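Participant:
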Amino acid sequence: MYEEIDDGRTITARKDHRCEWCGEVIRKGESCIKRTYKWEDEFWDNRQHPECFEAMKRCPFADEGFCPGENPRGAFEGEEEEDELEPTRETA
Ligand SMILES: [Zn+2]
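Shown next as structure tokens:
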């Protein structure tokens with residue numbers, strides 16, 4: 004059974020992590036989102052890129068489970084085709 008413990012907190016990565024959503028590396032020193040949850044009586048915590056966390060929240064089927072590491076970075080499957088209105092915001 005899935006139980007949310009902490010639904011996303013921004014932290015600074017203390018070492019390299021792999022993003023739970025897109026599977027790309029989150030480098031040490033970068034901001035990332037840490038999620039903590041309980042699944043089948045075990046505690047898990049995972050890191051995601053901030054843009055991946057946003058994508059997960061937009062994604063209508065993320066609640067039913069998703070394949071870790073198999074999603075486009077900062078988007079979800081099927082989203083990027085529809086939505087090319089604005090370029091992704093630039094990081095200065
Ligand atoms: Zn990611």
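The opening position of the sequence shown corresponds to residue 4 in the working numbering, with each subsequent residue numbered one higher. Glycine included, each C-beta is placed from N, C-alpha and C at the ideal position. Here the structure is a predicted model, which is why all the values come from computation and not from measurement.
Determine the extent of the beta strand (DSSP E) in which Arg38 is found, giving its start and end residues.
Facilitator: From DSSP, the beta strand (DSSP E) with Arg38 extends over Ser34 to Trp42.
Participant: In terms of residues, what are the limits of the alpha helix (DSSP H) holding Arg130?
Facilitator: With the chain running from 4 to 95 in the structure shown, residue 130 is simply not present.
Participant: Counting Cβ pairs, one atom from each stretch, are 3 or more of them under 8 Å apart for the segment 62 to 72 and the segment 33 to 46?
Facilitator: They do not touch, by the three-pair rule.
Participant: Distance check for Asp9 and Pro71, CA to CA, integer angstroms please.
Facilitator: Computed Cα separation, rounded: 18 Å.
Participant: Looking at Gly68: is its Cβ nearer than 7 Å to the Cβ of Arg38?
Facilitator: Cβ distance not < 7 Å, so Gly68 and Arg38 don't count as in contact.
Participant: Residues around ligand 1, please: the condition is that the C-beta lies closer than 5 Å to some non-hydrogen atom of it.
Facilitator: Listed along the chain, these residues meet the criterion: Cys22, Trp24, Cys25, His52, Cys55 and Arg76.
Participant: Along the chain, where does the beta strand (DSSP E) containing Glu6 start, and where does it finish?
Facilitator: It spans Tyr5 to Thr15 - the beta strand (DSSP E) in which Glu6 sits, taken as one unbroken run.
Participant: Once DSSP output is grouped into helix, strand and coil, what is the label at Asp48?
Facilitator: Strand at Asp48.
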